[in-house]
Amino acid sequence: MKLVVTVVGKDRVGIIAMVSQILAENNVNILNINQNIMDGFFNMVMIAEISASKINLVELQKTLKEKGKEINVDIKAQHEDIFNVMHNV
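Heads up: the sequence shown begins at 588 in this note's numbering, then just goes up one per residue.
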């Protein structure tokens with residue numbers, strides 16, 4: 588199962604490392620990553636494979652959301668199918 592992870596917030600050192608660490612600790616494989624910084628704001632989109640993960644999507648979403656609050660960014664993880672439906676008109 589693929590998921591889309593988005594991160595948005597004020598730029599700071601270590602955002603990619605912190606998000607990647609959570610994914611790695613839970614055996615979630617990053618397939619693609621795109622990030623940029625515009626006027627001090629960090630934006631990142633990751634495509635990841637969660638099939639071999641030690642935790643389910645709901646638990647991963649909770650863990651990422653908590654880390655986001657801790658580092659003052661918004662982190663969301665959505666099943667790829669839901670992301671695609673939400674972003675097709």
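Where is the CB? At the ideal position from N, CA and C, for every residue including glycine. Nothing here was measured: the structure is a model prediction, and the numbers come from that model.
{"Check": "Taking Leu644 and Leu610 to be in contact with their CB atoms under 8 Å, please state how far apart those CB atoms are, rounded to whole angstroms.", "Outcome": "Not quite, the Cβ-Cβ distance comes to about 12 Å (not below 8 Å), so this is no contact."}
{"Check": "For Val645, which three-state DSSP category applies?", "Outcome": "helix"}
{"Check": "Grouping DSSP H, G and I as helix and E and B as strand, with all else coil, what is Ala635?", "Outcome": "strand"}
{"Check": "Could you tell me which whole alpha helix (DSSP H) segments of length 4 or greater appear in the region 588-626?", "Outcome": "602-612"}
{"Check": "By how many angstroms is the C-alpha of Ser638 removed from the C-alpha of Asn616?", "Outcome": "9 Å"}
{"Check": "Do Leu651 and Ile662 count as a contact pair if the criterion is CB distance below 7 Å?", "Outcome": "yes"}
{"Check": "Output yes or no for whether 7 Å exceeds the beta carbon distance between Ile658 and Asn613.", "Outcome": "no"}
{"Check": "Compare the C-alpha of Asn619 against each of Lys654, Thr593, Gln648 and Leu647 and name the closest.", "Outcome": "Thr593"}
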